[in-house]
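>
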Amino acid sequence: MKNRIGILGILIFLSTSTLLAKEFRGSDVTPKNIQKKYYIWDKKTEEPNPKSKNNEDIWYNEYSQPMEGYIILLSKERLTGKIIVHHRWNKASVKKLKKTTYDKDGNKVVNYYPDPKGIDIIQDIQLITAEGNKTIATTEILNYGPYFKMADWDDVKGQKSEVDKFQPGSYETLDGQLKQGFITLRTYMYLKRKFDLRYFHLAFYAENENTHAELLYADDLKSATLNSTLYINYRNRYLLDRDLMISSLETEPQKLSYDPLQDGSIVTSEGEEIKGRITKKNARFVNTSAEAKIPTSKSILFIDEQKNIQYLSPNSKSLMYFTVEGVDFYSVEGSFMSRDALKLDQGKFVYKDGTEKNGELTYRNNYFLFNDGSGKLNSVTIKNADNLDYALIGEGDAVRKVIFTVDGTKKYFMEVKSPFGKYSYFKNPNPTHVRSGASLFTSVAAGVASDMIEDKVREAGGETEGDVVDDDIEIYFEEWVVIINKTGEKFTLYKKNLEDQKRALIGSCQRMSVDNRNLIKNIAKMSEIDLLVNTLNQCADPD
138 MKNRIGILGI
148 LIFLSTSTLL
158 AKEFRGSDVT
168 PKNIQKKYYI
178 WDKKTEEPNP
188 KSKNNEDIWY
198 NEYSQPMEGY
208 IILLSKERLT
218 GKIIVHHRWN
228 KASVKKLKKT
238 TYDKDGNKVV
248 NYYPDPKGID
258 IIQDIQLITA
268 EGNKTIATTE
278 ILNYGPYFKM
288 ADWDDVKGQK
298 SEVDKFQPGS
308 YETLDGQLKQ
318 GFITLRTYMY
328 LKRKFDLRYF
338 HLAFYAENEN
348 THAELLYADD
358 LKSATLNSTL
368 YINYRNRYLL
378 DRDLMISSLE
388 TEPQKLSYDP
398 LQDGSIVTSE
408 GEEIKGRITK
418 KNARFVNTSA
428 EAKIPTSKSI
438 LFIDEQKNIQ
448 YLSPNSKSLM
458 YFTVEGVDFY
468 SVEGSFMSRD
478 ALKLDQGKFV
488 YKDGTEKNGE
498 LTYRNNYFLF
508 NDGSGKLNSV
518 TIKNADNLDY
528 ALIGEGDAVR
538 KVIFTVDGTK
548 KYFMEVKSPF
558 GKYSYFKNPN
568 PTHVRSGASL
578 FTSVAAGVAS
588 DMIEDKVREA
598 GGETEGDVVD
608 DDIEIYFEEW
618 VVIINKTGEK
628 FTLYKKNLED
638 QKRALIGSCQ
648 RMSVDNRNLI
658 KNIAKMSEID
668 LLVNTLNQCA
678 DPD
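Numbering-wise (the numbering used here), the sequence shown opens with residue 138 and increments by one.
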């Protein structure tokens with residue numbers, strides 16, 4: 138299975154590489170009419186390819202005359218000075234290909250489409266400063282543009298509302314710096330929403346009508362105010378009208394793909410409880426849990442009593458858990474899951490020095506979630522369990538035991554089933570018995586020759602039974618280890634030795650009933666390991 142995933146990954150990588158052939162290049166987000174005012178192009182030059190027939194591969198170049206402007210690098214570093222923009226394109230980009238088709242009535246339809254070989258880019262920007270000149274490829278640039286003033290904005294097309302014009306206002310950066318002046322908000326795309334709720338990725342700020350406008354990014358801002366309207370940083374991606382967002386969620390949240398608001402609270406990572414209202418993405422965006430009062434969620438919006446809005450994902454470091462209608466939700470495996478869905482149970486950790494830590498815990502996919510009474514769920518993984526001996530989960534006959542073990546350089550959690558029975562058992566995390574019948578193609582696809590793998594297995598003390606492949610492609614049989622708790626004797630079971638090991642286990646308890654002996658003899662599959670051990674546990678004390 139892992140091999141199939143690996144090959145699929147290679148194919149995805151190859152297809153993605155093709156897409157990446159067209160590199161990201163920074164752009165000028167200044168409105169087009171302002172660009173036309175400041176961009177003055179010199180005469181274009183031709184760059185023929187002497188090796189191409191009929192000069193089909195002609196490239197054209199043109200450079201703008203120097204203009205006062207700025208360059209913002211991918212790191213957000215800002216460079217200022219005079220800039221010269223280098224426009225470069227090939228002949229294919231200026232011609233259209235003709236395609237003739239016919240409609241359902243047989244009428245001739247002629248369409249023209251761009252030549253797929255066409256390339257039209259801003260190649261690089263030359264920056265001229267007192268310290269000298271340097272040329273920067275647009276693949277290293279986030280944005281660039283000419284400096285302009287507020288008066289240049291009057292003729293900008295597409296101004297649909299007041300927010301599209303420079304308005305008296307202010308902005309606050311994430312580190313708390315506040316600047317007063319004039320602001321207009323911009324976006325890469327216009328996202329139409331009910332109530333005309335728009336999402337703004339950019340802003341231009343000017344201190345006054347005599348200063349040039351400065352480009353701002355929404356993810357660098359905590360908020361911006363235009364006249365009396367507050368725009369907040371949402372999801373660290375864009376700015377939106379806070380009050381309009383809240384009223385939208387209160388009246389028709391489904392239009393914004395959210396569920397109705399519910400009273401609730403969040404508990405921060407510092408343990409502070411904050412009351413407010415909570416909504417989550419509606420059902421088509423979330424996983425559901427039958428045991429939760431509301432579905433598990435990939436994200437929530439929290440609105441406190443001061444109308445501050447927080448977008449919180451399971452990766453939000455500021456959040457410990459949240460509560461809706463009396464149900465606590467924790468961050469687990471990329472989703473918020475309810476307390477009931479987690480199946481937390483009473484239990485304890487027992488450490489190698491004999492100390493114990495009691496609380497609520499559950500074991501999931503090779504790690505623990507543990508609540509010591511503070512309300513916070515701590516994750517106990519292989520990395521932070523060096524001093525752990527074992528864990529007990531539950532009470533009475535339903536108790537589960539998970540042990541921490543080291544095999545060579547590998548570390549494992551292993552769940553020991555029937556820990557207090559006469560016989561216990563667990564799945565071997567480090568099997569050595571090799572499957573047979575894997576194809577040579579699978580071996581080659583894994584990048585490892587069959588004989589090399591066999592040598593590795595022999596060195597580890599395993600048993601080979603034919604063509605094999607890398608252990609990442611499941612070359613080993615599933616193995617279970619059954620233990621006589623009284624003596625510590627172990628029996629390793631896998632598909633090929635199941636019959637022999639059943640006889641050995643029957644022999645380990647001479648006083649086993651005839652019915653149980655016959656039941657064990659009829660067990661034919663490794664998947665019946667639970668039935669096997671439960672039957673063994675019904676015998677008298679093993680010899």
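In this text, a Cβ means the ideal position worked out from N, Cα and C, and glycines have one as well.
For the beta strand (DSSP E) containing V536, name the first residue and the last one.
The residue you call residue 536 lines up with position 399 of the sequence shown. Careful: V536 lies outside any beta strand (DSSP E) and carries neither H nor E.
> Assign Y175 to one of three DSSP states: helix, strand, or coil.
Your numbering for residue 175 matches position 38 in the sequence shown. It is helical.
> Can you tell me whether L311 is buried or exposed, with buried defined as 16 or more other CB within 10 angstroms of its CB?
Stepping through the sequence shown from its first residue, residue 311 is reached at position 174. By the neighbour-count rule (16 or more Cβ atoms within 10 Å), L311 is not buried but exposed.
> Taking I195 and Y281 to be in contact with their CB atoms under 8 Å, please state how far apart those CB atoms are, rounded to whole angstroms.
In the sequence shown, residue 195 corresponds to position 58, counting from 1. In the sequence shown, residue 281 corresponds to position 144, counting from 1. I195 to Y281, Cβ: 27 Å. No contact.
> Alpha carbon to alpha carbon, what distance is there between K547 and F466?
In the sequence shown, the residue the question calls residue 466 occupies position 329. In the sequence shown, the residue the question calls residue 547 occupies position 410. Cα to Cα, the separation comes out at about 33 Å.
> Quick one: grab the DSSP three-state call for Q317.
By one-based count along the sequence shown, residue 317 stands at place 180. The answer is strand: DSSP assigns Q317 an E or B state.
> Using the C-alpha atoms, what's the distance from D261 back to R162?
The residue given as residue 162 occupies position 25 in the sequence shown. The residue given as residue 261 occupies position 124 in the sequence shown. Their backbone Cα atoms lie some 9 Å apart in a straight line.
> Closest to K245 by C-alpha separation, out of P251, K236 and K485, would be which residue?
Within the sequence shown, numbered from 1, the residue matching residue 245 stands at position 108. The candidate whose alpha carbon is nearest that of K245 is K236.
> Mapping DSSP to helix, strand and coil, what is G598?
Here residue 598 refers to the residue found at position 461 when the sequence shown is read from its first residue. Because the pLDDT of G598 is 40, which lies under 50, any placement of that residue in the model is unreliable, and the question is left without a value.
> Would you give the residue range spanned by the beta strand (DSSP E) that K412 belongs to?
Translated into positions along the sequence shown, residue 412 becomes position 275. Per DSSP, K412 belongs to the beta strand (DSSP E) from E410 to K417.
> For D357, tell me which candidate among E160, F614 and A340 has the shortest Cα-Cα distance.
Counting from one through the sequence shown, the residue named residue 357 turns up at place 220. For the residues E160, F614 and A340, the minimum Cα distance to D357 belongs to A340.
> Taking just the CA atoms, how far does L506 sit from N684?
Residue 684 cannot be examined here, being either before or after the span of the chain that is shown, 138 to 680.
> State the Cα-Cα distance for the pair K331 and Q391, rounded to the nearest angstrom.
On the sequence shown, position 194 is the one that residue 331 refers to. On the sequence shown, position 254 is the one that residue 391 refers to. At K331 the pLDDT is 48, less than 50, meaning the model places this residue with poor confidence; the figure from the coordinates comes in the next sentence. Taking the straight line from one Cα to the other gives about 10 Å.
> Determine the DSSP secondary structure at I431, reduced to helix, strand or coil.
For the purposes of this step, residue 431 is taken as the residue at position 294 of the sequence shown. Note that I431 scores a pLDDT of 49, beneath 50, so its modelled location is shaky; the value from the coordinates is reported in the next line. If DSSP states are grouped into helix, strand and coil, I431 belongs with coil.
> Less than 8 Å separating the beta-carbons of L673 and I660?
Position 536 of the sequence shown, counted from the start, is the residue given in the question as residue 673. Position 523 of the sequence shown, counted from the start, is the residue given in the question as residue 660. No; because the gap between Cβ atoms is not below 8 Å, this pair is not in contact.
> Could you name the residues that DSSP lists as bridge partners for V571?
The residue labelled residue 571 in the question sits at position 434 within the sequence shown. In the DSSP output, where bridge partners are listed per residue, V571 has Y613.
> Under 8 Å by Cβ, that's how I've got R414 and I440 pegged, so tell me the actual separation to the nearest angstrom.
In the sequence shown, residue 414 corresponds to position 277, counting from 1. In the sequence shown, residue 440 corresponds to position 303, counting from 1. Indeed they touch by this definition, with Cβ atoms about 5 Å apart.
> Decide if A478 is buried, meaning its Cβ has at least 16 other Cβ atoms within 10 Å, or exposed.
Residue numbering aside, residue 478 sits at position 341 when the sequence shown is read from its first letter. That one is buried.
> Tell me which residues share the same chain as E600 and place their Cβ nearer than 6 Å to its Cβ, disregarding the 5 neighbours each side in the sequence.
To locate residue 600, count along the sequence shown from 1; it is residue 463. Its pLDDT being 42, under 50, E600 is placed unreliably by the model, and nothing is read from it.
> From which residue to which residue does the alpha helix (DSSP H) around I666 run?
Here residue 666 refers to the residue found at position 529 when the sequence shown is read from its first residue. Unbroken alpha helix (DSSP H) run through I666: I666 to L673.
> Under the rule that 16 or more other beta-carbon atoms within 10 Å means buried, what is F285, buried or exposed?
Counting from one through the sequence shown, the residue named residue 285 turns up at place 148. So F285 counts as buried.
> For A361, write down the residues that DSSP places opposite it in a beta bridge.
Counted from its first residue, the sequence shown places residue 361 at position 224. Its beta-bridge partners are Y308 and Y368.
> Around the C-beta of S468, are 16 or more other C-beta atoms found within 10 angstroms, so that it is buried, or is it exposed?
Taking the first residue of the sequence shown as position 1, residue 468 is located at position 331. Classification for S468: buried.
> Classify D396 as buried or exposed, calling it buried when 16 or more other Cβ atoms lie within 10 Å of its own Cβ.
Reading the sequence shown from its first residue, position 259 is the one you call residue 396. With 16 or more other Cβ atoms within 10 Å, it is buried.
> Tell me where the beta strand (DSSP E) around G496 begins and ends.
As a first step, residue 496 is located in the sequence shown; it is residue number 359 there, counting from the start. Residues E493 to R501.
> Going by Cα to Cα distance, which pick from G471, A355, S365 and I259 is closest to E199?
Taking the sequence shown and counting its residues from 1, one reaches residue 199 at position 62. E199 has its Cα closest to that of I259, out of G471, A355, S365 and I259.
> With DSSP collapsed to three states, give me the class of K254.
Along the sequence shown, read from residue 1 onward, the residue named residue 254 stands at position 117. Here K254 sits in coil by DSSP.
> Can you name the start and end residues of the alpha helix (DSSP H) that E636 belongs to?
Position 499 of the sequence shown, counted from the first residue, corresponds to residue 636. That run of the alpha helix (DSSP H) goes L635 to G644.
> Does the Cβ-Cβ distance between Q202 and D179 come in under 8 Å?
Walking along the sequence shown from the start, residue 202 turns up at place 65. Walking along the sequence shown from the start, residue 179 turns up at place 42. Yes, the Cβ-Cβ distance between Q202 and D179 is below 8 Å.
> Anyone know if the C-beta pair for S450 and S406 falls short of 8 Å?
To locate residue 450, count along the sequence shown from 1; it is residue 313. To locate residue 406, count along the sequence shown from 1; it is residue 269. No, the pair does not count as a contact, with Cβ atoms beyond the cut-off.
> Give the straight-line distance between the Cα atoms of G197 and P187, rounded to the nearest whole angstrom.
One-based indexing of the sequence shown puts residue 197 at position 60. One-based indexing of the sequence shown puts residue 187 at position 50. First, the amino acid is wrong: residue 197 is Tyr here, not Gly. Distance between the alpha carbons of Y197 and P187: 14 Å.
> On the DSSP bridge assignment, give the partners of V222 in chain order.
Indexing the sequence shown from 1 puts residue 222 at position 85. Answer is I262, bridged to V222.
> Please report the distance separating the alpha-carbon of P283 from that of M382.
Here residue 283 corresponds to residue number 146 of the sequence shown, with the count starting at 1. Here residue 382 corresponds to residue number 245 of the sequence shown, with the count starting at 1. One C-alpha to the other measures close to 34 Å.
> Closest by CA to Q447, which one among S402, G644, T321 and Q304?
Residue mapping note: residue 447 aligns to position 310 of the sequence shown, counting from 1. Nearest of S402, G644, T321 and Q304 to Q447, Cα basis: S402.
> S516 lies in the beta strand (DSSP E); which residues open and close that run?
Against the sequence shown, residue 516 aligns to sequence position 379. Its beta strand (DSSP E) spans residues N515 to V517.
> Can you look up K662 in the DSSP assignment and give me helix, strand or coil?
Taking the first residue of the sequence shown as position 1, residue 662 is located at position 525. Coil, per DSSP.
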